[in-house]
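Here the structure comes first, spelled out in structure tokens, and everything after it is commentary.
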Amino acid sequence: NRLFNYGGDLYDDNYKQQFNNEAGIKALNDFKELFQYASPAARQYGWSDASSEFLQGRSAMAEMATTVAQMAQDPNQSTIAGKVGFTAIPANDDNTSDIKRFYLPYGFVMIKHSDNQEAAFQWMEFATSQEMMEKAAPVGNIPARTSALTGSLASEY
């Protein structure tokens, strides 16, 4: 997220990496500075570890997916419910009009040599259908279909 907000990108149009530049270095330096204030174990955290630490009130802040925001407000999942705020990830002063968001919905894959590709594909169609996306959004899942972000879902979430 920081890389994009500093005007960088992972790849160019020809899929050549674009991280070794001013934006990439600035994003890495930001993280280096933040780790001076974090638990030494944070360098090894995956998403589950980082979100758990945050939701249990053991870390003061976390850069997380929006799904964590909903969990943070739920007292059944979080000790910080009602005591937490959210903001956009920092961007360059000259880039604030073009702040980007990194949208990562979950997805499904099927291996090439699956024994029952037709049934697997039918399940993926069902699981990612408009109906299922609309049912999944209220419990914290990010819809993988933009068509599910209409009507009451768009205004509520």
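Note that the working numbering has the sequence shown beginning at 1120, numbered continuously upward. Yeah, the Cβ is synthetic: ideal placement off N, Cα and C, and Gly gets one too.
(1) Taking the beta carbon of glycine 1201 as the centre, do at least 16 other beta carbons fall within 10 Å, making it buried, or is it exposed?
(2) Looking at C-alpha atoms only, which residue of Arg1121, Gln1155 and Glu1152 is the closest neighbour of glycine 1143?
(3) Would you decide whether proline 1257 is buried or exposed? Buried here means 16 or more other CB atoms lie within 10 Å of its CB.
(4) Leaving out five residues on either side along the sequence, give the residues of the same chain with a beta carbon under 7 Å from the beta carbon of alanine 1179.
(5) In this structure, how does DSSP classify glutamine 1136 when only helix, strand and coil are distinguished?
(6) Which residue from Pro1209, Ala1267 and Glu1253 puts its Cα closest to that of phenylalanine 1123?
(7) Taking three-plus beta-carbon pairs below 8 Å as touching, is the region 1189 to 1206 in contact with the region 1167 to 1178?
Taking the structure as given:
(1) exposed
(2) Nearest C-alpha to glycine 1143 among Arg1121, Gln1155 and Glu1152: Arg1121.
(3) exposed
(4) none
(5) strand
(6) Pro1209
(7) Touching, per the Cβ criterion.
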